[in-house]
Amino acid sequence: MAVLQFISSGLPKVLCPTTIHCDHLIEAQTGGEKDMQRAKDINKEVYNFLATACAKYNIGFWKPGSGIIHQIILENYAHPGLLLIGTDSHTPNGGGLGGLCIGVGGADAVDVMANMPWEVIGVRLLGQLNEWSSPKDVILALAGILTVQGGTGAIIEYFGPGVESISCTGMGTICNMGAEIGATTSIFPYNSRMSEFLKATNREDVAILADKYKDSLLTADKDARYDRVISINLSELEPHINGPFTPDRVHLIDQLGEEAVKNGWPTEISVGLIGSCTNSSYEDMTRAASIAQQAIDKGIKAKCEFIVTPGSEQIRATIERDGVAEKLRAIGGVILANACGPCIGQWDRKDVKKNEKNTIICSYNRNFPGRNDGNPYTHAFVTSPELVTAMVLAADLRFNPLTDSLTAAD
Numbered sequence: 106m107a108v109l110q111f112i113s114s115g116l117p118k119v120l121c122p123t124t125i126h127c128d129h130l131i132e133a134q135t136g137g138e139k140d141m142q143r144a145k146d147i148n149k150e151v152y153n154f155l156a157t158a159c160a161k162y163n164i165g166f167w168k169p170g171s172g173i174i175h176q177i178i179l180e181n182y183a184h185p186g187l188l189l190i191g192t193d194s195h196t197p198n199g200g201g202l203g204g205l206c207i208g209v210g211g212a213d214a215v216d217v218m219a220n221m222p223w224e225v226i227g228v229r230l231l232g233q234l235n236e237w238s239s240p241k242d243v244i245l246a247l248a249g250i251l252t253v254q255g256g257t258g259a260i261i262e263y264f265g266p267g268v269e270s271i272s273c274t275g276m277g278t279i280c281n282m283g284a285e286i287g288a289t290t291s292i293f294p295y296n297s298r299m300s301e302f303l304k305a306t307n308r309e310d311v312a313i314l315a316d317k318y319k320d321s322l323l324t325a326d327k328d329a330r331y332d333r334v335i336s337i338n339l340s341e342l343e344p345h346i347n348g349p350f351t352p353d354r355v356h357l358i359d360q361l362g363e364e365a366v367k368n369g370w371p372t373e374i375s376v377g378l379i380g381s382c383t384n385s386s387y388e389d390m391t392r393a394a395s396i397a398q399q400a401i402d403k404g405i406k407a408k409c410e411f412i413v414t415p416g417s418e419q420i421r422a423t424i425e426r427d428g429v430a431e432k433l434r435a436i437g438g439v440i441l442a443n444a445c446g447p448c449i450g451q452w453d454r455k456d457v458k459k460n461e462k463n464t465i466i467c468s469y470n471r472n473f474p475g476r477n478d479g480n481p482y483t484h485a486f487v488t489s490p491e492l493v494t495a496m497v498l499a500a501d502l503r504f505n506p507l508t509d510s511l512t513a514a515d
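This note's numbering numbers the first residue of the sequence shown as 106 and each following residue consecutively.
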């Protein structure tokens, strides 16, 4: 089928080295020679077609009896550093010689034969994050540009001078939510912030090796070209709160209250939640705690339920050690187990009735109807952990922490 699909492409020959192996249509009955001849007689038309097509389209042809494809690959093609795809689940056999060998379906193989790589969308980051803006705002802004389907079939590659202003966990947040715009994957170039993180997590040997190959293997070529380029100026980036019901419904924070009233969304926030794989790092927790400390100084506590989920036992232990957890608890935060929890719907919610219209605000990634609590009438908004923390102090979507002040508990 892959050959037929390639022929329909209209290309005169394959654009990536390709071979075909006839090892599946030989039935064991009596012995090698007789079984082989029987297979050739029964499958004569198939073999003739494949041999002719291979000759015409510059495809290597391994005739019946040549051997099993994976052994032939190991003996003739596999080598350290090879990237190879094959239309069989045991293609990874080539990994025994240091190759990255991946089994795929026929249609995916045709894409490779036709030299059709993934589309690459380049996101140029300029300036640097400041004040309330966070890495989460980068991906929320990009979601508004591309929508939840705009990255489908593409790799998102971030580059530009603004990259160095983002921490490693911040870059992780941005890449993590590439899933919400449909991207195949997302990547940042290796840089000093990654090196710092590796060393901080006791992987200095990895950092040393990565530093050695930074310019040759771990960053984009200087003349790299992209299918599309999107520029985001971090210095001009404003805090975002996206939702409800989809992460690509963009609102700048100074617009949200008005939009909520206009659309009839509940403005009272019932629950604020920080955590998830997107925003549960130590940095995320400390940024939230910095807001909590300001509230503590004024004697202010959260006016709604406030839930905190650390991303790992290491993060939990560290925020306990450094007093971060204490600050979050001081304003009413409840710290859950280190797990996905409410982000994936593992939330036995008791504060609202089934199908009751309500609003929650979180630092999660997905806010589709019913996603967090099974209630399709829950209006979920996604933003950064620090903004969630600020918003629970007022428990109202009309509150703008950039311009409004809370000076006392009442």
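Even glycine gets a Cβ: it sits at the ideal position worked out from N, Cα and C.
These numbers come from a predicted model, not from an experiment.
- Under the DSSP definition of a beta bridge, R229 partners with F264 and S336.
- With 16 or more other Cβ atoms from the protein chains shown falling within 10 Å of its own Cβ, G348 counts as buried.
- It is roughly 24 Å from the alpha-carbon of R333 to the alpha-carbon of A214.
- Excluding the 5 residues flanking it on each side, S300 has same chain C-beta neighbours closer than 7 Å at A312, A315 and D316, in chain order.
- Between M496 and L433, the C-beta gap is not smaller than 9 Å, which leaves the two residues out of contact.
- Taking a cut-off of 8 Å for Cβ pairs, the stretch 347-365 and the stretch 472-486 touch, as three or more such pairs fall below it.
- With a cut-off of 8 Å on Cβ pairs, the stretch 416-436 is in contact with the stretch 378-388, counting three or more such pairs.
- Annotation: the stretch 295-348 contains the following complete segments of the alpha helix (DSSP H) (minimum length 4 residues), in chain order: 297-305, 309-317 and 319-322.
- For L492, the uninterrupted alpha helix (DSSP H) run begins and ends at P490 to V497, by DSSP.
- The stretch 116-147 is shown to contain whole alpha helix (DSSP H) runs of 4 or more residues at 137-147, in chain order.
- The continuous stretches of beta strand (DSSP E) do not include A442, and DSSP gives it neither H nor E.
- Judged by beta-carbon spacing, T423 lies beyond the 9 Å limit of A444, meaning their Cβ atoms are not closer than that value.
- If you ignore the 5 residues before and after L179, its C-beta comes within less than 8 Å of the C-beta of N198, G199, G201 and L202, all in its own chain and listed in chain order.
- The Cβ atoms of A485 and F350 lie closer than 9 Å to each other.
- In this structure, E373 is the residue among N163, E373 and L130 with its C-alpha nearest to the C-alpha of A407.
- In this structure L498 touches I405 by the C-beta definition: roughly 6 Å separates them, less than 8 Å.
- Its Cα nearest to that of A212, the residue A107 stands out among A107, P266 and Y482.
- In this structure, I358 places its C-beta atom within 9 Å of the C-beta atom of P344.
- At the C-beta level, L231 and V243 stay beyond 9 Å of one another.
- Taking all protein chains shown into account, A259 has 16 or more neighbouring C-beta atoms within 10 Å of its C-beta and is therefore buried.
- The stretch 240-257 makes no contact with the stretch 129-141; the number of CB pairs closer than 8 Å stays below 3.
- Contact between D456 and S375 holds: CB atoms are separated by about 6 Å, below the 8 Å threshold.
- Ranked by how close their Cα comes to the Cα of I466, the residues V487, I449 and W237 have V487 in first place.
- Under the three-state reduction of DSSP output, T274 falls in the helix class.
- Within the same chain, Cβ atoms closer than 7 Å to the Cβ of L251 are found at I286, the five residues on either side in sequence being excluded.
- Apart from sequence neighbours up to five positions away, the residues of its chain that approach N460 with a beta-carbon distance below 8 Å are N480, P481 and Y482, ordered along the chain.
- C-alpha of A288 to C-alpha of M282: approximately 9 Å in a straight line.
- Residues L202, G203 and G204 of the same chain have their beta carbon placed closer than 8 Å to that of H184, with the five preceding and five following residues left out of the count.
- A residue is called buried once 16 or more other Cβ atoms fall within 10 Å of its Cβ, and E491 is buried on that count.
- Proximity to A329 across V225, M141 and G428 peaks at V225, based on C-alpha coordinates.
- Considering only A435, L378 and D140, the residue with the shortest C-alpha distance to P447 is L378.
- Judged by DSSP secondary structure, N463 falls outside any alpha helix (DSSP H) and instead within the beta strand (DSSP E) spanning N463 to C467.
- The beta-carbon distance between L502 and A365, rounded to whole angstroms, is 5 Å. This is short enough to meet the 8 Å contact definition.
- By the neighbour-count definition (other C-beta atoms within 10 Å, threshold 16), N368 is an exposed residue.
- About 5 Å separates the CB atoms of S468 and V493; that is less than 8 Å, so the two are in contact.
- In this structure, R298 and C280 do not form a Cβ contact; the two beta carbons are roughly 13 Å apart against a cut-off of 8 Å.
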